[in-house]
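Report on one structure; see the data block that follows.
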Amino acid sequence: MKSAADSETKPASYSDCTGYRHYRPAICRDRPLLAACTSNAAATRTVTRHVWADARERTDANRLTSWGKAIYKRRKETVERSFADAKQLHGHRCARFRSQTRVACQCLLAAAAQNIKKIAMVLTRAPNPRPA
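Under the UniProt record's numbering, the sequence shown is numbered contiguously, ending at residue 132.
In structure tokens form, the structure reads like this:
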């Protein structure tokens, strides 16, 4: 439920069917935050932002920190390796079937095979002796 303070701080906008939010100063001409939208006297500027633009900005800010850079380096050891195995060993080089449902089933079977292999590796791993 929107409060009165919430409607005063956020400019009036509408979302289209492609996921973009349009802020038109003509809609919020009587609001106190018109100067934040435009300095044009005719209020003709339209600002367009995607609905997920805030999340994208937060993600980019996290990615550029030292922690984000360190974890991105590990991506090639984990995620990219998994995709490479799927491509080389589990038939992801080309699809065997010709419908979206059947290709999705092929991908799920390949992922299940990869998970079974990981479980088998964990179960057959020799336990590390504990130092005394």
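In this text, a Cβ means the ideal position worked out from N, Cα and C, and glycines have one as well.
Computed from a predicted structure; not experimentally measured.
Item	Value
Beta-carbon gap between His90 and Ala55 smaller than 9 Å	no
Cβ-based burial, Pro129 [other Cβ within 10 Å; buried from 16]	exposed
Stretch pair the segment 78-88 + the segment 57-67: three plus CB contacts closer than 8 Å	no
Pair within 9 Å by beta-carbon distance, Ala95 and Ala111	no
Within 9 Å, strictly: CB atoms of Arg21 and His50	yes
Beta-ladder partner(s) of Ser82, from DSSP	Bridge partners of Ser82: none, in fact.
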